[in-house]
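At position 131 of the sequence shown (counting the first as 1) the number is 111 in our numbering, and the numbers step up by one without a gap.
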Amino acid sequence: MGIKKTLVDRKEKDLCELSTKTNSRSRKNRRRQKKRVQKLFEACKDVFASGGTDYIPPQADVDRLRAILDKMTPADVGLTPEMQYFRTSAADQLPIITYLRLYECNKFSIGIFCLPPSGVIPLHNHPGMTVFSKLLFGSMHIKSYDWATDAPANPTAAANPAQGQSPGVKLAKIKVDADFTAPCNTSILYPADCNMHCFKAVTACAFLDVLGPPYSDRDGRHCTYYFDYPFSSFSADGVSVPEGEREGYSWLQEREKVDDLIVVRATYQGPKIVDK
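In structure tokens, the structure reads:
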């Protein structure tokens, strides 16, 4: 009886210690998650304090934000792949994309896009903005462009020359065209370099966006969407692109309507940001 009681007491003590350690780790994880989100906010507040349209942070500040974002995980913002945001239903004609706003002011914004499988954010620009994008989980295809220099703005359609000039079509160089799977490094777009991109979810995925400054119609930072066409779609007259490199270019045309995108807003439920 004495032996059994000793074993029971030891087992209860071990379970108590295990519970204490587990609770301690859980509290530390919650503090770490909150700390990372707050750290990102405070860094953005410093980096973009004097920014505005066309502002590019010094390289040291770019490296500072990149280092913070590179370490961000889904748990840091309260996300898991099992959430409703990442599911599709038979009734959905288009995959519905969810946007979670963490913070926004006239200097910068922090938000998360949640994409179900096959969800697409069409090709769009970021006028006068520096953009940091961090894939938190899942896989997605990213294609980004920069405008080609000294290219005709209104080329002739090669498929149907009778159509004549094609207004609003400009040549752009493909900078990135690849699949990415988390964990991976943060991608960065600058006001005059690689400023247009599109995303397609290979699997359910989420990415965190930092925009400095954010979109603002009043300040001339309006989001424009584009169609993209292969280089061979239009005449190459007046274009100084070697024949062997032409697959690395596309023609972009502004879109008046975006019918293939549904974005809904939802309330961010992760660690809160404290604006001190």
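Cβ coordinates follow ideal geometry from the N, Cα and C atoms, glycine included. The structure displayed is predicted, hence computed values, not measured ones.
The shortest C-alpha to C-alpha distance from N105 to any of S119, K123 and I48 is the one to K123. Taking C-beta atoms as the reference points, V57 and G250 count as a pair closer than 7 Å. Here the alpha carbons of G91 and E84 stand approximately 8 Å from one another.
Excluding residues up to 5 positions away in sequence, P102 and Y205 lie with their Cβ nearer than 7 Å to the Cβ of V238 in the same chain. Per DSSP, the beta bridge partners of H104 are H177 and Y205. The criterion of a C-beta distance shorter than 7 Å is not satisfied by L80 and Y195. Here the C-alpha atom of K114 lies approximately 18 Å from the C-alpha atom of I36.
Cβ neighbours of G148 within its own chain (closer than 7 Å, five residues either side excluded): Q233 and E234. The three-state reading of DSSP puts L241 in coil, since its state is none of H, G, I, E or B.
About 14 Å separates the beta carbons of P107 and G31, which is beyond the 8 Å limit, so they are not a contact pair. By the beta-carbon neighbour count (other beta carbons within 10 angstroms, threshold 16), P75 is buried. Closest by C-alpha distance to H202, out of E236, A184, E223 and S213, is E236. Leaving aside the five residues that flank G228 on each side, the residues in its chain whose CB is nearer than 7 Å to its CB run, in chain order, K153 and I154. Inter-residue distance for R16 and M52 is about 7 Å (C-alpha atoms, whole angstroms). Here Q39 carries a helix assignment [DSSP, helix/strand/coil]. Under DSSP, Y83 takes part in a beta bridge, and its partners are I90. Per the C-alpha coordinates, the member of F88, C164 and P38 positioned closest to G118 is C164. At the C-beta level, T78 and A246 come within 7 Å of one another.
Apart from the 5 residues on each side of it in sequence, L49 sits with its Cβ closer than 8 Å to the Cβ of L20, F112, K114, T166, L188 and V190 in its chain, given in chain order. In this structure, the beta-carbon distance from F93 to M120 does not fall below 7 Å. Inclusion of A29 and L45 in the CB contact set at 7 Å is not warranted, their separation being larger than that value. Across the set L151, K256, F179 and T183, the C-alpha of L151 shows the shortest separation from the C-alpha of F214. Annotation for W127: K150 and A152 place their beta carbon closer than 7 Å to its own, counting only its chain and skipping 5 residues before and after. Of all alpha-carbon atoms in T129, D72, I242 and D157, the one lying nearest the alpha-carbon of A172 is that of T129. C185 sits in a strand when the DSSP states are folded into three classes. The DSSP-derived three-state label of F214 is strand.
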